[in-house]
Amino acid sequence: MPEVRQSSFALLGDLTKACFPHVKPCIAEFMPILGLNLNPEFISVCNNATWAIGEIAMQMGSDMQPYVGLVLNNLVEIINRPNTPKTLLENTAITIGRLGYVCPQEVSPMLQQFIRPWCTSLRNIRDNEEKDSAFRGICMMIGVNPAGVVQDFIFFCDAVASWVSPKDDLRDMFYKILHGFKDQVGEENWQQFSEQFPPLLKERLSACYGV
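Numbers 594 to 804, taken from my numbering, label the letters of the sequence shown in order.
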């Protein structure tokens, strides 16, 4: 029954946040079930399963590695699916980012397949801890696979500019990626590239990151 699964996954996410040592021994049983419920036909079930996976990833750290393959393809499919509700897109983007934060080597090879919808999903949400962890993940994945973001770099720039006040170390991560890209392409190519930016984005990146 979808209602039961929806509530169960919400509870699992809450327990993961509140008392993970009690949940951890059962993760090997829970993860395949969560993976099987990443079905956007059942929006609330899918949403809560996605959220729970993100919370588990943050607690598991690199121990999440064996489970990435159970969920990543489904999450990438959901974020690329037309007409997916906004909340599910945001939750999916956050969870992909969190998986990339704890297991960048495993998630970054797929970067090119989700970076554009990832950026557009998270550009409109306010600064918070979930957004923070997701963006740290995307920065770590770009560090492992910079080629994965090249084609959609303007979307990454736009998503970075959506931050009002990132923590200093996250701001530094953004700074290094933006300047690394600018240095890589050279001043002239960067000027041509940044001509495509809407004026507000151009101003913001210049003021906050000096590019």
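No residue lacks a Cβ here, since even glycine has one placed at the ideal position from N, Cα and C. Just so we're clear, the structure is a prediction, and the values are computed from it rather than from any experiment.
Can you have a look at residue i and say buried or exposed, based on whether 16 or more other CB atoms are within 10 angstroms of its CB?
i: Ala611; result: exposed
i: Asp765; result: exposed
i: Lys724; result: buried
i: Val661; result: buried
i: Arg719; result: exposed
i: Asp622; result: With the sequence shown as reference, residue 622 is identified as Glu, and Asp is not the correct amino acid for it. Classification of Glu622: exposed, given that the 10 Å Cβ count is below 16.
i: Met594; result: exposed
i: Asn640; result: buried
i: Val757; result: exposed
Compare the Cα-Cα distances from residue i to each of the options and report the closest residue.
i: Asn717; options: Met653, Lys679 and Leu663; result: Lys679
i: Lys760; options: Phe786, Met651, Cys619 and Asn721; result: Asn721
i: Gln809; options: Met733, Phe786 and Phe728; result: Beyond the ends of the chain as shown, which are 594 and 804, falls residue 809; an answer cannot be given.
i: Leu631; options: Leu763, Thr677 and Phe774; result: Thr677
i: Gly628; options: Ser799, Cys696 and Val669; result: Val669
i: Lys775; options: Phe746, Val753 and Arg797; result: Phe746
i: Leu704; options: Gly779, Cys696 and Ile731; result: Ile731
i: Ile649; options: Pro614, Pro633 and Asn666; result: Pro614
i: Val742; options: Pro792, Ile770, Leu682 and Leu715; result: Ile770
i: Ala800; options: Val778, Trp711, Thr609 and Tyr768; result: Tyr768
i: Arg691; options: Gln777, Met657, Phe635 and Leu604; result: Met657
i: Val638; options: Asp751, Gly606 and Gln652; result: Gly606
i: Gly779; options: Pro791, Val804 and Ser755; result: Val804
From what residue to what residue does the alpha helix (DSSP H) around residue i run?
i: Leu631; result: Premise fails: Leu631 is in no alpha helix (DSSP H) and is neither H nor E.
i: Gln706; result: Leu704 to Leu715
i: Phe728; result: Glu722 to Val737
i: Pro675; result: No alpha helix (DSSP H) contains Pro675, which DSSP labels as neither H nor E.
i: Asp607; result: Pro595 to Val616
i: Gln744; result: Gln744 -> no alpha helix (DSSP H), and no H or E assigned at all.
i: Pro792; result: Pro792 to Tyr802
i: Met653; result: Ile636 to Met653
i: Gln785; result: Glu780 to Ser787
At what residue ranges does the segment 746 to 775 contain a whole run of the alpha helix (DSSP H), taking only runs of 4 or more? You should have 746 to 754.
Uninterrupted alpha helix (DSSP H) stretches inside the segment 678 to 704 (no shorter than 4 residues): The DSSP assignment places 679 to 695 and 697 to 700 as complete runs of the alpha helix (DSSP H) inside the segment 678 to 704, in order along the chain (cut-off: 4 residues).
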